[in-house]
Amino acid sequence: MATTESQLDDQQPDAEGGSADEEFEARVGWRYTLKKVKRDATARIGLYIVAFVIFIAAFAAIDSNLSRLTFGALSDYTAAQALPFFDHPTRIPPPGEGNPNQPPMFLDGGTLSQPLGTDPQGRDYFTRIVYGSQVSVSVGLAATAIGLIGGTIIGSIAGYYGGWVDDVLMRSVETVYAIPPLVLIIVFTVFVSGGSPDIQYAVIGVGIAFIPVFARIIRSRVLSVREMDYIEAARAAGVKDRNIIRRHVIPNSFAPVMVYATLQIGVTILIVAGLSFLGYGAQPPTPDWGEMLRIAHGRYMHSNIWLSIWPGLAILVTIMGFNLFGDGLQDALDPRIKN
Amino acid sequence: MSSEPLLRVENLKTQFFTESGTVRAVDGISFEVNEGEIVGLVGESGAGKSVASMSLMRLVEEPGEIVGGEVTYKGETIFGLEEGPDGELRERDDMLSESEMRERIRGREIAVIFQDPMESLNPVFTVGGQLREFIEINRDLPKDEAKVEAVRMLREVGIPDPEDRYEEYPHQFSGGMRQRVLIAMALACEPNLIIADEPTTALDVTVEGQILDLVDDLQDRYDTSFIWVTHDMGVVAEICDRVNVMYLGEIVEQAPVDELFYETKHPYTDALLDSMPRPDRTVDELDPIEGVMPEAISPPSGCRFHPRCPDAREVCTRVHPDTLEVDRADGHPHRAACVKHDVFDVGYDESAPLEAGDEAETDVGGAATDPEEDPETPVEEEQASTDGGERPEGSRSSSDHRSDVGEASEASRKPENEPGGGESRQ
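One line per chain: the protein sequences are F and B, in this order. Numbering (our numbering) for the first sequence: 1 to 339. Numbering (our numbering) for the second sequence: 1001 to 1426.
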């Protein structure tokens, strides 16, 4: 670390002299930000957890050969079966080789081939937990993306134009904001799905519920960015408003939203898991962690507590990973914090 | 004055409607710009120079608004009002629409070089990318040709290794280099008129000298007209052909540059010149202008300069002088707004001289009770305290409103009462 810093310092006079050099350029790029994130121990842990979860989710889906090598019991799956997570039948895990409610491998009656035991239907629990990561990661990313994109469009337009445009957009967004998010999402899910809730409706609902927060964050940034001289310069050069917003306003307002989005992924995963737990999200047999908890906590809480512990742990670790990473990113992007 | 001027501004008025009152940032200015000419717009900070120049592009922002006057560019009406059937003023039919302004005028015909090179480039965009964007939209060139043109312009304004620098970000450029880029941006769209809004203020004098040489050089080559907004008489002497001196939203003197320096007709211009060192004159001590410029929200009665004017007489507190032709030089009129010139004939010579300070205050108060007073005269209590050199509280809100953003340069675009760049500092 020390060497990196001294290298950076050494490079500075060069950079000011005008010669293009990568070290200096890296100080603003995302690669440099990542480097700063890695310097922070907790953020590093977060980064590794996030990378690990995404890796598992991606590879369990993409490469059936690799999954056979790596994940043992997953060998029964093919890539084609695993990929489209919104499509129910492909996500039905095959019946396990073991008995229903088999305990994990370190307890009496556990086997190595089913390390986390099996569920009441006899399906391999490890497989379901791993496939649950697919659901959680895609749900977290998709719902956050809906909130991020919707919020960015609304917030930047409201902030840039101001006046009645601002009033109309922000007041309607705040109306959404005023409704308790869980109520909003549940009602939305039930209505849109026509009474048979499923995870894709939950994702859209959560995304919409997050639009207000993103819109408010980006609007507050846009309010200051729009006063910058380069915005005025662009207007004086005859650039269309649309392009000013797209090319000049949003890129300069984006950093705080980006950080918030990273933190929000964890929250999103938690909320969707909660919805599934309540029965408004993923439906059986989808291997969603929240849905697994719902099955586990009722009848099986006393007979087999491990059914609750594994998905709970998975949720905990994943969310912690995203939150630690988000915090680290926030610190890395904040120029006031020097490390 | 052989033919129609490139740009004609007549009686232009721009006002800001703030909570503490109407700020008359630009209050009836008229001037012309001919082809191939550099016209100076000079004055202290807050005189309304920047607002005036943005008004020409119709880029005045809320709560500001152009409320009167006419701006004609090449025979096209950029701004013009007429009286509607209901007696209300409305925009004239031949006035260019907002989209016409954007597509035909801004950038293509009239370009702007901004004051602060550090703030006028988008930090997340490469320098070349921004330059190319401007060329693409204003010259209808495809991307690759626009890039070639952008690199050529960078070379033209003296950026070394333009191909490499094209890919770099603004923070990798020095202030002088960025100013060159801004000039390249303005010139690249091949406009006929460039409004340069204090483009050298943020630079040190050596770089300023280089930039002025560069502009001079490029102006010869491209034959572009300039409106050069500045508070620096030195810069004016160096590059301007004709000069407009602004004080508190009005043009108080208008003359070819040599005329202005050697045959000064307005006491304010005189005072400005006395307050700065001149290579052609030796003085023991510089003579700063007393006091600060009053708020444009409540301008003094009569001549707006009278509270600070060494030549002020009683008549000056009553009579508001228009900018009239007092002389002619090289076929150009020399206009001044000062009643001491004969053309005004309001009895200046008979009027009792004013001493600065308390006497001026009482006189202002007295003038307020005069029924024949200018109907535009504002609240007098505020007036008196302004004369006394104190700022009425809350009257800065027009500038505060912007400066909370943290942009000093933005704040200075609004009328502000700071003594400008050294002319009036004690």
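Each residue gets a CB set at the ideal place from its N, CA and C atoms; glycine is no exception.
Candidates the options: closest to residue i by CA position
i	options	result
Met1185/B	Ala234/F, Arg246/F and Ile146/F	Ala234/F
Asn1244/B	Gly1043/B, Val1023/B, Pro1288/B and Glu1035/B	Gly1043/B
Glu1238/B	Met1246/B, Pro1256/B, Tyr1222/B and Ser1097/B	Pro1256/B
Phe1226/B	Thr1264/B, Val1033/B and Glu1314/B	Val1033/B
Asp1197/B	Lys1049/B, Phe1017/B and Gly1347/B	Lys1049/B
Gly274/F	Val206/F, Phe126/F, Ala145/F and Gly155/F	Val206/F
Thr1072/B	Leu1193/B, Leu1154/B, Thr1323/B and Gly1021/B	Leu1193/B
Phe1016/B	Pro1063/B, Leu1059/B and Gly1046/B	Pro1063/B
Gly1302/B	Met1293/B, Glu1295/B and Ala1312/B	Ala1312/B
Pro1123/B	Pro120/F, Gly328/F and Phe254/F	Phe254/F
Glu1285/B	Pro1277/B, Gly1291/B and Gly1175/B	Pro1277/B
Leu324/F	Ile54/F, Ala143/F and Tyr48/F	Tyr48/F
Cys1316/B	His1171/B, Asp1232/B and Phe1305/B	Phe1305/B
Arg1308/B	Asp1330/B, His1266/B, Thr1323/B and Glu1325/B	His1266/B
Glu1035/B	Val1205/B, Gln1219/B and Ala1296/B	Gln1219/B
Tyr177/F	Val187/F, Ala209/F and Pro115/F	Ala209/F
Cβ-heavy atom distance, residue i to the ligand GDP, below 8 Å
i	result
Gly195/F	Here there are no bound small molecules, and the ligand GDP is not part of this structure.
Beta carbon of residue i nearer than 9 Å to that of residue j
i	j	result
Ile1135/B	Met1057/B	no
Val1067/B	Gly1249/B	no
Asp288/F	Val135/F	yes
Asp1287/B	Ser1275/B	yes
Val1023/B	Ala1052/B	no
Ile271/F	Leu182/F	yes
Arg1165/B	Ile1211/B	no
Pro1191/B	Gly1107/B	yes
Leu1089/B	Leu1081/B	yes
Arg216/F	Val173/F	yes
Ala43/F	Val1112/B	no
Val203/F	Ala142/F	yes
Pro103/F	Gly122/F	no
His1334/B	Gln1254/B	yes
Val213/F	Asn252/F	no
Leu293/F	Ile315/F	yes
Pro120/F	Leu278/F	no
Under 8 Å by beta carbon: chain B residues contacting residue i
i	result
Arg44/F	Those do not exist, as Arg44/F stays about 27 Å from chain B at its closest Cβ, beyond 8 Å.
His248/F	Asn1122 and Phe1125
Partner residues on chain F for residue i, Cβ-Cβ distance less than 9 Å
i	result
Phe1114/B	Asp229, Tyr230, Glu232, Ala233 and Ala236
Met1057/B	Arg235 and Ala236
Cys1189/B	Ala237 and Gly238
Three-state class that DSSP yields for residue i in the structure shown
i	result
Ser67/F	Residue confidence for Ser67/F is low, a pLDDT of 34 falling below 50, so the modelled location carries little weight; the figure read from the coordinates is stated next. Ser67/F: helix per DSSP, three-state reduction.
Asp1317/B	Note that residue 1317/B is Thr in the sequence shown here, rather than Asp. Here Thr1317/B sits in helix by DSSP.
Met1177/B	helix
Ala1025/B	strand
Ala237/F	coil
Arg1108/B	coil
Ile1289/B	coil
Gly328/F	helix
Thr345/F	Only positions 1 to 339 of chain F appear in the structure, and residue 345/F is not among them; the question remains open.
Ala1329/B	strand
Arg1278/B	coil
Ser1120/B	coil
Val1257/B	helix
Ser1351/B	coil
Val1229/B	strand
Ala1202/B	coil
Met1246/B	strand
Ala1312/B	coil
Gln1172/B	helix
Thr1014/B	strand
His1266/B	coil
8 Å Cβ cut-off: residues of chain F touching residue i
i	result
Glu1119/B	Met228, Asp229 and Tyr230
Ala1111/B	Ala236 and Ala237
Partner residues on chain B for residue i, Cβ-Cβ distance less than 7 Å
i	result
Gly251/F	It is Pro, not Gly, that sits at residue 251/F in the sequence shown. Within 7 Å Cβ-Cβ: Val1124.
Within chain F, the residues that residue i reaches when beta carbons sit closer than 7 Å
i	result
Glu1103/B	Gly238
Asn1138/B	Ala237 and Gly238
Phe1134/B	Ala237
Cys1316/B	Ordered by position in chain F, no residue passes the 7 Å Cβ test against Cys1316/B, which lies about 38 Å from the chain.
Neighbouring residues, chain C, relative to residue i (Cβ below 8 Å)
i	result
Arg1106/B	In summary, chain C is missing from the structure at hand, where the protein chains are F and B.
Practice prompt. Enumerate, from N- to C-terminal direction, the unbroken alpha helix (DSSP H) stretches of 4 or more residues contained entirely within the segment 1017–1097 of chain B.
Written response: 1049–1056
Worksheet entry | Every unbroken alpha helix (DSSP H) within the segment 266–296 of chain F, with a cutoff of 4 residues, ordered by chain | None, since the segment 266–296 of chain F contains no complete alpha helix (DSSP H) of that length.
Worksheet item: Which runs of the beta strand (DSSP E) fall wholly inside the segment 178–233 of chain F and span at least 3 residues, in chain order?
Response: none
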